[in-house]
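Numbering follows this note's numbering, with no gaps: position 45 of the sequence shown is 54.
C-beta atoms are modelled at their ideal positions from N, C-alpha and C, and glycine is treated no differently.
Inspection log for the structure reproduced underneath, given as structure tokens.
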Amino acid sequence: MADMESKLDILKALYYDENMESELYIGGDGVKNRLEALRKARGIRQEKLAEALGVSRQTIGSLENGRYNPSIRLAFKIARYFGLSIEEIFIDEEEQK
Numbered sequence: 010m011a012d013m014e015s016k017l018d019i020l021k022a023l024y025y026d027e028n029m030e031s032e033l034y035i036g037g038d039g040v041k042n043r044l045e046a047l048r049k050a051r052g053i054r055q056e057k058l059a060e061a062l063g064v065s066r067q068t069i070g071s072l073e074n075g076r077y078n079p080s081i082r083l084a085f086k087i088a089r090y091f092g093l094s095i096e097e098i099f100i101d102e103e104e105q106k
């Protein structure tokens with residue numbers, strides 16, 4: 010990992026491989042997220058996650074499908090819910106270049 014330039018490079022190396030491509034969703038502005046993969050891996054329904062975060066189930070669906078990027082406040086809530094950092098859930102493609 011010595012040739013890695015940033016924390017995001019390290020996270021990419023730790024959390025991304027070719028098999029995960031279907032688990033990364035591209036938002037309109039080049040932001041990917043692992044929300045659906047994390048939710049499903051823990052057996053959590055969209056409705057339960059939405060209730061815990063104080064949003065609608067449709068918001069969770071839109072996040073997972075890349076049609077919506079969360080506010081910074083919602084991103085922090087999601088990260089806290091899963092016990093991860095924001096960067097472990099949301100990946101900015103511009104940072105990876």
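In summary, Glu-73 is buried, with 16 or more beta-carbon neighbours lying within 10 Å of its beta-carbon over all protein chains present. Burial state of Ile-81 is exposed, judged by a 10 Å Cβ sphere holding fewer than 16 other Cβ atoms. Remark: C-beta atoms of Arg-43 and Leu-58 do not approach each other more closely than 8 Å. Here Glu-45 is buried, its C-beta having at least 16 other C-beta atoms within 10 Å. Excluding the 5 residues flanking it on each side, Ala-84 has same chain C-beta neighbours closer than 7 Å at Ile-95 and Phe-99, in chain order. Bounds of the alpha helix (DSSP H) holding Ile-95 are 95-98. In the DSSP annotation of this structure, Asn-78 is not part of any beta strand (DSSP E), being labelled neither H nor E. Leaving aside the five residues that flank Asp-101 on each side, the residues in its chain whose CB is nearer than 6 Å to its CB run, in chain order, Val-40. With 16 or more other Cβ atoms from the protein chains shown falling within 10 Å of its own Cβ, Gln-55 counts as buried.
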